[in-house]
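Engineer: Mind looking over this structure? Questions follow.
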Amino acid sequence: MSSGTLVSRSVQTRSGGRNLGWSLLSILTLIAMPAAIWTSLIYAKSATNLAGTEQIAQRIFYLHMGAVLGAGVAFLVALVGSIAYLLTRKLEWDRITQASVEVGIILGAALTLAGAIWAKPTWNTYWTWDPRLTTTTITLLIYIAYLLFRNGIDNRHARARFSSIYALLAFTSVPLTYYSARWFRSIHPVVFNGQNADAQGSFNIGATMGHTLWV
């Protein structure tokens with residue numbers, strides 16, 4: 467058997483494995499999406515300490531919080547990818563970093579929009595320059611600038627190297643955003659492991675709400 471045939475079969479095997487992985491991911495997505503919609507709109511109980519309009523708007527919390535967690539994971543993967551590229555110089559890691567940043571930006575925009583919809587009945591405004599909202603916006607702008615920065619470098623290895631360094635430094639904005647509601651005077655609720663006396667529209671997560679959030 468020729469070496470060309472072996473290489474061709476190896477490529478086909480890897481391609482088949484990727485196609486199977488995408489198929490399984492698509493099936494899981496088709497199952498998870500209806501389940502997430504049902505649990506957020508029907509299964510989860512309303513927050514009893516909120517007014518009527520706030521109870522309705524509060525259900526967007528599941529989209530908001532899901533986007534928050536997803537964006538955090540995406541930016542964390544980008545951090546890992548940037549470190550891996552700097553250690554190995556393999557362009558696959560640079561592509562993973564770029565893709566993760568793109569996903570994180572989309573989810574970041576989604577969480578900002580969902581938060582604005584939730585804020586209107588709770589804070590009587592779609593937007594306020596609260597520390598949490600401000601740091602979230604800064605984080606999004608930093609990662610959008612990452613994509614613009616990449617486009618300005620033609621050499622792919624130089625682009626990967628400098629972009630990885632940028633992504634490594636950019637991640638420092640993520641924990642800053644997370645802790646902003648704890649460190650600064652903020653009206654944004656602290657949902658996990660903390661309290662904020664100035665928070666408006668805060669609530670405790672009950673059992674059904676916790677189950678829904680995991681879905």
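Here our numbering runs 466 ahead of the position in the sequence shown, where the first position is 1. Even for Gly, the Cβ is constructed at its ideal location relative to N, Cα and C.
1. At least one CB of chain B closer than 7 Å to the CB of Trp-584: is that the case?
2. DSSP state of Phe-541, grouped into three classes?
3. Please state whether the Cβ-Cβ distance between Asp-560 and Ala-647 is less than 7 Å.
4. Under 6 Å Cβ to Cβ from Thr-643, same chain only, skipping five residues before and after it: list those, please.
5. Hey, could you find the ends of the alpha helix (DSSP H) Ile-572 is sitting in?
6. In angstroms, rounded to a whole number, what distance separates the CA positions of Asn-485 and Glu-558?
7. Can you say whether Trp-504 is buried or exposed, counting buried as having 16 or more other CB atoms within 10 angstroms of its CB?
8. Taking only three categories from DSSP, how would you classify Trp-689?
9. If you run the structure through DSSP and keep just helix, strand and coil, what is Ile-608?
Structural biologist: For this structure:
1. The structure shown has no chain B; it contains just one protein chain.
2. Here Phe-541 sits in helix by DSSP.
3. Judged by beta-carbon spacing, Ala-647 lies beyond the 7 Å limit of Asp-560, meaning their Cβ atoms are not closer than that value.
4. Sequence-distant Cβ neighbours of Thr-643 in its own chain, meaning closer than 6 Å and more than five residues away, are Thr-601, Thr-602 and Thr-605.
5. Residue range 557-589 is occupied by the alpha helix (DSSP H) that includes Ile-572.
6. The straight-line gap from Cα to Cα measures roughly 18 Å.
7. Of the other Cβ atoms in all chains shown, fewer than 16 fall within 10 Å of the Cβ of Trp-504; this residue is therefore exposed.
8. The chain is shown only over 467 to 681; residue 689 falls outside these bounds and no answer can be derived.
9. Correct three-state label for Ile-608: helix.
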